[in-house]
Amino acid sequence: MKVLVINCGSSSLKYQLIDSETESVLAKGLCERIGIDGRLTHKPTGKDKVEIETAMPNHTAAVSLVLKELTDEKNGVIKSLDEIGAVGHRVVHGGEKFASSTILTDEVLKQVEECNDLAPLHNPANLIGINACKELMPNVPMVGVFDTAFHQTMPKEAYLYGLPYEYYEKYGIRRYGFHGTSHSFVSKRVAEILGKDPKDLKVVVCHLGNGSSVCAVDGGKSVDTSMGLTPLEGVPMGTRSGSLDPAIIEFIAEKENLSLHEVMNVLNKKSGVEGISGISSDFRDLEKAAEEGDERAYAAQKCFSYAVAKYVGAYAAAMGGVDVVAFTAGVGENDSVIRAMVGEYLGFLGIKIDPEKNNCRGVERVISTDDSTALAMIVPTNEELAIARETVALLK
Ligand code: ADP
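For the sequence shown, my numbering begins at 8 and goes up steadily by one.
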């Protein structure tokens, strides 16, 4: 079956058309500046990349353009839309309603909408993408794959905050966690690579990208994760602060004369490694600056790595040990400096990073020394493939 995977943001839409039998990507691309002007970058496998600047007043127009390119005589990869057997949608927040992927019926869409409060920047955009696809492909089954679903197995002690319990009951304030599709994919892949049953493994997945989260996967199930009610909690990220003393919010508001909304904007967009370094949210820029002697860039790298390592330590306690620490996503897969810095703290688990094995990018491999008693690995994530697999599995 050919599955169209859609990841829809407020002004952008990423897509991949995947052949689920061969698990190959037939085409992928990105619509940007939807509702502003509109730009489509379309990469059909085996053909030239196409860039089109054209009006995209809304998401329906963007999806319509994508479908046109997919079936285009020159740039297309399929003859007709009938070849698309299903659409898999990334949905950011499924609250406590969705512990697994679900066929997006009208009833389900209502329930997704009820989660909008919990992810006001993401879920409404996801819904717009779903509705645009439904409008243009009314007879094709649509499946929702939730970032939060994998973490619904967390025990209560991991998901409750130390707040009045009625806030959990009334508003659903609890830890939900994100990047679930990636944490699930990577932890399963770790078991496959090692030829083990996921039930027999304790894995800490470090999904380190622009947004970063760490997850404890015990016996194939998420038992704790660093992101919380929203993707702001956890390690310091590209521009997000991660966890901090909650009293800092009021303190900054008073000192800088900012509204609550403005402080939250600082925590989301001006903090993290960009805030600490004053240079960039991109770890490549930090590495270059640190090499040239910039102390704040180095401090940003260290704060980030230290925070990641602290979560690994916490999850070793939560799971009563760790068999594998797996690095994934943009930074985890590519940044050998950060992996080495995190690795420096992992001696207590019997993990020592081998500098030679670690000197690589984007490959699946063990990077700990042969005499380590637990493993450190790089396992590239593939959220789109995971969404396509979920979609097919559900429809079967
Ligand atoms: P997102 O959260 O947007 O999905 P990604 O997982 O794609 O993020 O990660 C993007 C980040 O990965 C970039 O901002 C950059 O910091 C980092 N990155 C990508 N390539 C490299 C590299 N070669 N070395 C270091 N960091 C890299």
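Glycine is no exception: its CB is placed at the ideal position from the N, C-alpha and C atoms.
As the structure is a computational prediction, the values presented were derived from the model and not from experiment.
Asked: Give the C-beta separation of Val147 and Ser108 to the nearest angstrom, bearing in mind that I take them to be a contact with Cβ-Cβ under 8 Å.; Found: No, Val147 and Ser108 are not in contact; Cβ-Cβ is about 16 Å, not under 8 Å.
Asked: Using the C-alpha atoms, what's the distance from Ile283 back to Glu371?; Found: 31 Å
Asked: Within the present structure, is the beta-carbon of Gly187 separated from the nearest heavy atom of the ligand ADP by less than 6 Å?; Found: no
Asked: Consider the C-beta atom of Asn366 and the heavy atoms of the ligand ADP; say whether any pair is separated by less than 6 Å.; Found: no
Asked: Helix, strand or coil: how does DSSP classify Asn272 here?; Found: helix
Asked: What does DSSP give as the partner residues of Met384 in its beta bridges?; Found: Ala333 and Val373
Asked: In chain order, what residues of the same chain have a beta carbon less than 8 Å from the beta carbon of Ala93, not counting five sequence neighbours either side?; Found: Met8, Val10, Leu11, Val147, Pro148, Met149, Val150, Thr398, Val399 and Leu402
Asked: From the DSSP secondary-structure annotation, give me the bridge partner or partners of Leu11.; Found: Leu24 and Val94
Asked: So, is Glu30 buried or exposed, given that buried needs 16 or more other C-beta atoms within 10 angstroms?; Found: exposed
Asked: Please state the DSSP three-state secondary structure of Asp301.; Found: coil
Asked: Flag this pair as touching only if the segment 351-366 and the segment 231-241 have three or more C-beta atom pairs under 8 Å; answer yes or no.; Found: no
Asked: Let me know if Glu390 comes out buried or exposed under the rule of 16 or more other beta-carbons within 10 Å of its beta-carbon.; Found: buried
Asked: What residue range does the beta strand (DSSP E) around His49 cover?; Found: Arg46 to Pro51
Asked: Check whether the Cβ atoms of Ile126 and Gln159 sit closer than 7 Å, and answer yes or no.; Found: Sequence check: residue 126 is Ala here, not Ile. Not a contact, by the Cβ cut-off of 7 Å.
Asked: Would you call the segment 266-281 and the segment 322-331 touching, i.e. three or more CB-CB distances under 8 Å?; Found: no
Asked: Excluding the 5 residues flanking Ser343 on each side, which residues of the same chain have their C-beta closer than 8 Å to its C-beta?; Found: Asn365, Asn366, Cys367 and Arg368
Asked: Measuring from the CB of Asp342, is there a heavy atom of the ligand ADP at a distance below 6 Å?; Found: yes
Asked: Looking at Arg291 and the ligand ADP, is the gap between the Cβ and the nearest heavy atom below 6 Å?; Found: yes
Asked: Taking 6 Å as the cut-off, does the CB of Ala336 come closer than this to any heavy atom belonging to the ligand ADP?; Found: yes
Asked: I want to know whether the segment 72-84 touches the segment 21-36 - three or more CB-CB distances under 8 Å.; Found: yes
Asked: What's the C-alpha gap between Gly350 and Leu215?; Found: 14 Å
Asked: Report yes if the CB atom of Gly16 is closer than 7 Å to the CB atom of Ala132, and no otherwise.; Found: yes
Asked: Kindly examine the ligand ADP and report whether one of its heavy atoms sits closer than 6 Å to the Cβ of Asn389.; Found: no
Asked: Tell me which residue opens and which closes the beta strand (DSSP E) that Lys228 is part of.; Found: Lys228 to Thr232
Asked: Nearest CA to the CA of His66: which residue from Leu20, Ile110 and Leu77?; Found: Leu20
Asked: So for His214, helix, strand or coil by DSSP?; Found: strand
Asked: Taking Thr112 as the reference, which of Lys141, Val99 and Leu128 has the closest Cα?; Found: Lys141
Asked: Suppose you measure from the CA of Asp243 to the CA of Gly218; what does that come to, to the nearest Å?; Found: In the sequence as displayed, the identity of residue 243 is Pro instead of Asp. Distance between the alpha carbons of Pro243 and Gly218 is about 9 Å.
Asked: Alpha carbons only, please: which of Thr188, Glu80, Lys203 and Asp289 is nearest the one belonging to Pro51?; Found: Glu80
Asked: Which residues in the same chain have their Cβ closer than 6 Å to the Cβ of Phe290, if we skip the five residues on either side of it in sequence?; Found: Val338 and Asp342
Asked: List, from N- to C-terminal side, the alpha helix (DSSP H) runs of 4 residues or more that fit wholly inside the segment 155-212.; Found: 163-166, 172-178 and 187-201
Asked: May I ask whether a heavy atom of the ligand ADP can be found less than 6 Å away from the beta carbon of Asn6?; Found: Since the first residue shown for the chain is 8 and the last is 403, residue 6 is missing from the structure and cannot be characterised.
Asked: Return the CA-CA distance between Ala307 and Tyr174, expressed in angstroms with no decimal places.; Found: 34 Å
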